[in-house]
Ligand code: SF4
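Next up, the structure:
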């Protein structure tokens, strides 16, 4: 029995054709799965009895198993899901003024070992399947529906949960095709879906050529020495290569790449850092999200003062950069950026901290 949520519409159409069934039925089935949110084939009333029987004999339509749900003071909701093989993943539903954003995981754990990130501590367990990625979104909409909330209010997706999405590229792209299928799938506009990467250069280029979703790059440093100390991927794909790849990234004319910059006290928050950032990003259509580090007892890194954050932001704005400070939500339940993890943490290595 296969999980039908692993199938893109194209692949499902192929399966139907192989089994002597008209391929347009794939669209009808998708509408039941992703718009009507049904859990069984019996409910698919515009399909013949025979087809419903055939589908039920070959496919299942499971939901993710919720292990734990936490709601933070600011109403951010973190869901811990238990997967079939015992792995656990988290996703975070963030209420905004007039919509919801879902922060989605792409891997169980992560192999990238960014030093400021709790997910990195347990290493990589495995890639998520297409169904496991898509189900985080589908189930979040289902839960909203159950609370009497219009499910389409969940309109924004960010791949900033556990894992490096571009390290699970094929499943990511299949999941994106279901998420951004505006006729039959989950109906997210590509303008409202963002994939965030630590900098897997070849896959960045591929993503630009094969999809229309937004790109975010987790940058966090302005010199190779510091970036390699914070993010080991920088050894393989150093700043000049990463930024040149971003400069030539294929995207629609008015789009910009988001550069996330986690501000860590005494590490990367000086005026020199801000000025170097301006210089590095000036050839690129860029906007900068400054994220004050979410301090927690297990980390050597600290959150900079409000004054330091404001000074950094002012420096960027004074040099005509598009930049904002993003307040992480859900910090009290460890749902904020870099705080997602399940279990099996290991200690972080030391990164030199300047006195400031
Ligand atoms: S920041 Fe992202 S890429 Fe880096 S270790 Fe954490 S989950 Fe992986």
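Residue numbers (the numbering used here): 1445 to 1800. Glycine residues also receive a C-beta, built at the ideal position from the N, C-alpha and C atoms.
Query	Result
Residue closest to residue 1590, alpha-carbon to alpha-carbon, out of 1760, 1480, 1716, 1731	1480
Residue 1743 (DSSP reduced to helix, strand or coil)	coil
Status (buried if at least 16 other CB within 10 Å, exposed otherwise) for residue 1519	exposed
Nearest residue (CA-CA) to residue 1533, options 1686, 1569, 1504, 1506	1569
Own chain, CB closer than 6 Å to residue 1636, minus 5 neighbours either side, in chain order	1599, 1600
Bridge partner(s) assigned by DSSP for residue 1702	1660, 1731
Bridge partner(s) assigned by DSSP for residue 1545	1538, 1600
Contact test: residue 1560 Cβ vs the ligand SF4 heavy atom, cutoff 8 Å	yes
DSSP beta-bridge partners of residue 1533	1525
Separation of residue 1731 from residue 1742, as counted between CA atoms	30 Å
Beta bridge counterpart(s) of residue 1571 as assigned by DSSP	1551
Rounded straight-line distance, which links the Cα of residue 1739 to that of residue 1792	Because residue 1792 carries a pLDDT of 40, less than 50, the predicted location of this residue cannot be relied on, and the following value inherits that uncertainty. Using only the alpha carbons, I get a separation of about 14 Å.
Beta-carbon spacing of residue 1550, residue 1572 below 9 Å	yes
Length-filtered (4 minimum) alpha helix (DSSP H) runs lying within the stretch 1595-1658	1613-1623, 1645-1654
Boundaries of the alpha helix (DSSP H) in which residue 1811 is found, first to last residue	This structure leaves residue 1811 out entirely; the chain is present only between 1445 and 1800.
Residue 1708: CB within 8 Å of a non-hydrogen atom of the ligand SF4	no
Cβ pair count under 8 Å reaching 3, the stretch 1752-1764 against the stretch 1703-1712	yes
Residue 1582 versus residue 1630: straight-line alpha-carbon distance, rounded	7 Å
Contacting residues, own chain, Cβ-Cβ under 6 Å from residue 1729 (five flanking each side not counted)	1700
Burial state of residue 1563 (16 or more Cβ within 10 Å)	buried
Residue 1538 versus residue 1546: straight-line alpha-carbon distance, rounded	6 Å
Same chain only: Cβ atoms within 6 Å of residue 1462, ignoring 5 sequence neighbours per side	none
Within 9 Å, strictly: CB atoms of residue 1586 and residue 1644	no
Cβ-heavy atom distance, residue 1557 to the ligand SF4, below 8 Å	yes
beta-carbon residue 1810 near the ligand SF4 non-hydrogen atom, thresh 8 Å	The structure shown does not extend to residue 1810, since the chain is modelled only from 1445 through 1800, so no value can be given for it.
Helix, strand or coil at residue 1750 according to DSSP, with G and I counted as helix	helix
Span of the alpha helix (DSSP H) around residue 1461	1453-1462
Nearest-angstrom Cβ-Cβ length linking residue 1460 and residue 1470, presumed shorter than 8 Å	6 Å
Local conformation of residue 1484 per DSSP, three classes	coil
Short Cβ contact (9 Å threshold) for residue 1484 with residue 1465	no
Helix, strand or coil at residue 1789 [DSSP, three-state]	In this prediction, residue 1789 scores a pLDDT of 37, lower than 50, which makes its location untrustworthy; the coordinate-derived value is nonetheless stated afterwards. Three-state result, residue 1789: coil.
Buried or exposed (CB count within 10 angstroms, at least 16 for buried), residue 1501	exposed
Proximal residues to residue 1796 (C-beta, below 6 Å), its chain only, five neighbours per side dropped	Confidence is the limiting factor: at residue 1796 the pLDDT is only 49, short of 50, which leaves the residue's position unreliable and the question unanswerable from this model.
Within 9 Å, strictly: CB atoms of residue 1774 and residue 1516	yes
Residues of its chain near residue 1679, where Cβ-Cβ distance is below 8 Å and the 5 sequence neighbours each way are ignored	1672
Contact the stretch 1646-1661 vs the stretch 1683-1690: 3+ CB pairs below 8 Å	yes
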